[in-house]
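A.B. asks:
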Amino acid sequence: MDLTYTKEQEAFRQEARSWLEANVPSEPLESFDTKEGFDQHCDWERKLHAAGWAMVPWPVEYGGRGADLLEWLIFEEEYYRAGAPGRVNQNGIFLLGPTIMEYGTPEQKARYLPKMASSEEVWVQGWSEPNAGSDMAAIQATAFRDGDHYVLNGQKTWASRGAFAHWLFGMFRTDPESQRHRGLSFVLAPLDAEGVTVRPIEKLNGKKAFAEVFFDDARVPVENLLGEEGKGWQVAMATAGFERGLMLRSPARFQNTAGKLVELYRENADACEPSLREAVVDCWMGAEAYTLETYRTVSRMLEGGKIGFEASLNKIFWSELDVKMHETALRILGDRAELLPGAPAAEGVGDWLDGFLFALSGPIYAGTNEIQRNVIAERILGLPRS
Ligand SMILES: Cc1cc2nc3c(=O)[nH]c(=O)nc-3n(C[C@H](O)[C@H](O)[C@H](O)COP(=O)(O)OP(=O)(O)OC[C@H]3O[C@@H](n4cnc5c(N)ncnc54)[C@H](O)[C@@H]3O)c2cc1C
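FYI, in our numbering the residues of the sequence shown are 3 to 388.
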């Protein structure tokens with residue numbers, strides 16, 4: 003493995019760094035889990051897009067700059083280094099975008115990708131249902147064909163940013179006789195269509211950005227089917243691979259948190275019990291290990307490889323690392339760990355509590371870690387199912 007960057011990659015890094023230094027908002031934006039923050043983040047995304055930085059690995063005609071995945075990793079490193087805002091359209095650009103690139107028709111690529119890159123259209127993932135979470139094959143929402151349309155019925159839940167977003171990609175049963183993984187299809191639906199009701203759900207942090215989405219005879223054209231009818235499971239597994247394995251959580255995110263953790267430790271070292279030093283080093287090493295592993299995966303993909311079931315290993319690793327880093331920060335902070343960002347005495351440390359609350363959800367979303375362990379046992383280790 004060659005761990006040195008080429009001259010072109012260094013130049014790309016410099017170009018990204020200069021632009022970000024000149025353009026990243028000097029004050030943090032409101033949380034994108036509020037309407038005001040959501041709109042601010044969309045404005046930021048438009049600016050990124052106008053400068054060609056919204057989704058660097060995409061082809062230029064779809065709003066990218068034709069970079070390769072290594073350059074994308076470099077861009078992510080610079081993005082986090084600059085303290086740039088979180089990506090409000092992450093389910094679109096990191097999950098659905100690559101899936102459309104793989105399964106979409108030329109018309110679908112031209113229709114959806116540019117508006118996704120500019121966040122003119124922000125997407126939510128509509129997979130979970132009240133009776134289909136870990137067991138996604140239990141999906142009950144239906145999309146039955148009626149002439150040139152699909153008629154959607156049923157309920158989706160836990161749609162992140164669903165309260166404010168514009169479109170949903172979801173799995174629906176298109177074959178009324180089908181069971182489990184068969185007969186499901188991957189359908190794209192606008193959230194403002196007639197027959198669609200979005201009901202916000204309050205999160206642990208008090209913000210109402212999650213949503214349940216109800217479909218009552220909502221009609222979408224058949225062109226909104228991604229991949230083949232009845233073969234949605236295969237398409238969804240590609241999306242899940244992007245989610246667990248590579249794009250949703252780039253290593254720069256964890257290196258950034260690890261760097262802040264080291265800083266926090268240094269500022270408070272005198273008051274810390276000795277075992278904390280070891281815990282901080284362990285977290286920092288974890289972030290570096292995840293980075294190297296991702297570089298290895300990307301190198302393999304550049305040579306034509308695909309992300310396989312090892313995406314499940316990645317997902318467990320980054321989600322547990324995130325919890326560990328935030329727990330360690332709270333241990334360092336002691337009594338101050340309970341301060342929320344807005345508290346007068348928080349002095350910039352309140353973000354750790356907010357981050358901790360979100361880190362707790364890492365082992366749940368993108369498929370729970372128990373389910374990932376099942377995948378590893380059965381698909382990688384070849385252990386019996388029961
Ligand atoms: C922050 C956050 C954001 C989310 N965003 C979205 C989103 O945008 N779109 C979306 O569709 N969903 C989203 N989800 C939902 C998420 O995908 C589900 O919560 C998750 O798949 C688990 O499903 P469930 O909540 O129904 O729990 P269940 O499936 O009921 O699981 C309950 C518990 O049982 C365990 N369990 C279940 N089956 C097994 C098994 N076979 N073997 C071992 N253990 C098992 C689980 O690991 C879990 O601990 C989000 C969740 C969170 C926390």
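Virtual Cβ for every residue (Gly too), placed ideally from N, Cα, C.
If you're wondering where the values come from, they're calculated on a predicted model, not measured in any experiment.
CB of VAL62 to nearest heavy atom of ligand 1: below 7 Å?
C.D. replies: Position 60 of the sequence shown, counted from the start, is the residue given in the question as residue 62. Every heavy atom of ligand 1 is 7 Å or more from the Cβ of VAL62, so no.
A.B. asks: Can you have a look at GLN157 and say buried or exposed, based on whether 16 or more other CB atoms are within 10 angstroms of its CB?
C.D. replies: The residue given as residue 157 occupies position 155 in the sequence shown. Buried is the call here.
A.B. asks: Consider the C-beta atom of ASP177 and the heavy atoms of ligand 1; say whether any pair is separated by less than 7 Å.
C.D. replies: The residue given as residue 177 occupies position 175 in the sequence shown. Result no, Cβ not under 7 Å from ligand 1.
A.B. asks: I'd like the list of long-range same chain contacts for ALA260, defined as Cβ closer than 7 Å, with 5 residues on each side in sequence excluded.
C.D. replies: Walking along the sequence shown from the start, residue 260 turns up at place 258. So the list reads CYS285, TRP286, ALA289, MET327, once near-sequence residues are dropped.
A.B. asks: State whether the stretch 240-257 contacts the stretch 216-226, with contact taken as three or more CB pairs (one from each stretch) at a distance under 8 Å.
C.D. replies: The answer is no - the stretch 216-226 does not touch the stretch 240-257, with fewer than three Cβ pairs under 8 Å.
A.B. asks: Return the bridge partner residues of ASN155 from the DSSP annotation.
C.D. replies: For the purposes of this step, residue 155 is identified with residue 153 of the sequence shown, where counting begins at 1. In the DSSP output, where bridge partners are listed per residue, ASN155 has THR144, ASP218.
A.B. asks: Is any non-hydrogen atom of ligand 1 found closer than 7 Å to the C-beta of GLN127, if you look at the structure I gave you?
C.D. replies: Mapped onto the sequence shown, residue 127 falls at position 125. Checking every heavy atom of ligand 1 against the Cβ of GLN127, one is found closer than 7 Å.
A.B. asks: From the DSSP output, which residues share a beta bridge with MET173?
C.D. replies: Looking up residue 173 in the sequence shown gives position 171. MET173 pairs with PHE188.
A.B. asks: Would you check if the distance between the CB atom of ARG147 and the CB atom of THR101 is smaller than 8 Å?
C.D. replies: Taking the first residue of the sequence shown as position 1, residue 147 is located at position 145. Taking the first residue of the sequence shown as position 1, residue 101 is located at position 99. No. Outside cutoff.
A.B. asks: Do GLY243 and ALA313 have their CB atoms nearer than 8 Å?
C.D. replies: The residue labelled residue 243 in the question sits at position 241 within the sequence shown. The residue labelled residue 313 in the question sits at position 311 within the sequence shown. Cβ atoms of GLY243 and ALA313: closer than 8 Å.
A.B. asks: So, using beta-carbon positions, are MET118 and TRP125 closer together than 8 Å?
C.D. replies: The residue given as residue 118 occupies position 116 in the sequence shown. The residue given as residue 125 occupies position 123 in the sequence shown. Yes, the pair counts as a contact, with Cβ atoms nearer than the cut-off.
A.B. asks: Report whether the distance from the Cβ of ASN91 to the nearest heavy atom of ligand 1 is below 7 Å.
C.D. replies: What you label residue 91 is simply residue 89 of the sequence shown in a count that begins at 1. No, the Cβ of ASN91 stays beyond 7 Å of every heavy atom of ligand 1.
A.B. asks: With three or more C-beta pairs closer than 8 Å as the rule, is the stretch 368-384 touching the stretch 308-323?
C.D. replies: The stretch 308-323, when compared against the stretch 368-384, does touch it at the 8 Å Cβ threshold.
A.B. asks: Regarding ASP324 and ligand 1, is the C-beta to nearest heavy atom distance less than 7 Å?
C.D. replies: By one-based count along the sequence shown, residue 324 stands at place 322. Checking every heavy atom of ligand 1 against the Cβ of ASP324, none is found closer than 7 Å.
A.B. asks: Would you mind stating whether TYR292 and VAL224 have Cβ atoms separated by less than 8 Å?
C.D. replies: Along the sequence shown, one-based indexing puts residue 292 at 290. Along the sequence shown, one-based indexing puts residue 224 at 222. Cβ atoms of TYR292 and VAL224: not closer than 8 Å.
A.B. asks: For the candidate residues GLU23, LEU190, PRO132, whose alpha-carbon lies nearest to that of GLY94?
C.D. replies: Here the question's residue 94 lines up with position 92 in the sequence shown. Closest option to GLY94, Cα to Cα, is LEU190.
A.B. asks: Are there any heavy atoms of ligand 1 lying less than 7 Å away from the beta-carbon of SER136, as far as the coordinates show?
C.D. replies: Counted from its first residue, the sequence shown places residue 136 at position 134. At least one heavy atom of ligand 1 is nearer than 7 Å to the Cβ of SER136, so yes.
A.B. asks: Pick from PRO27, ASP137, GLY247: whose alpha carbon is nearest that of THR299?
C.D. replies: The sequence position of residue 299 within the sequence shown is 297, counting from 1. It is GLY247 whose Cα lies nearest to the Cα of THR299.
A.B. asks: Which residue wins for smallest C-alpha separation from ILE76, given the options LEU359, GLU17, GLY208, PRO386?
C.D. replies: Taking the sequence shown and counting its residues from 1, the one referred to as residue 76 is at position 74. For the residues LEU359, GLU17, GLY208, PRO386, the minimum Cα distance to ILE76 belongs to GLU17.
A.B. asks: I'd like to confirm something about THR370: is its beta-carbon nearer than 7 Å to some heavy atom of ligand 1, or not?
C.D. replies: The residue given as residue 370 occupies position 368 in the sequence shown. Indeed, a heavy atom of ligand 1 lies less than 7 Å from the Cβ.
A.B. asks: If I'm right that PHE174 touches THR144 with Cβ under 8 Å, what's the distance once you round it to whole angstroms?
C.D. replies: As a working mapping, residue 174 is identified with position 172 in the sequence shown. As a working mapping, residue 144 is identified with position 142 in the sequence shown. About 6 Å; that satisfies the 8 Å criterion.
A.B. asks: Distance, Cα to Cα, SER136 vs PRO108?
C.D. replies: Numbered from 1 along the sequence shown, position 134 holds the residue referred to as residue 136. Numbered from 1 along the sequence shown, position 106 holds the residue referred to as residue 108. Computed Cα separation, rounded: 33 Å.
A.B. asks: Alpha carbon to alpha carbon, what distance is there between GLY352 and ALA281?
C.D. replies: For the purposes of this step, residue 281 is identified with residue 279 of the sequence shown, where counting begins at 1. For the purposes of this step, residue 352 is identified with residue 350 of the sequence shown, where counting begins at 1. Cα to Cα, ALA281 sits roughly 20 Å from GLY352.
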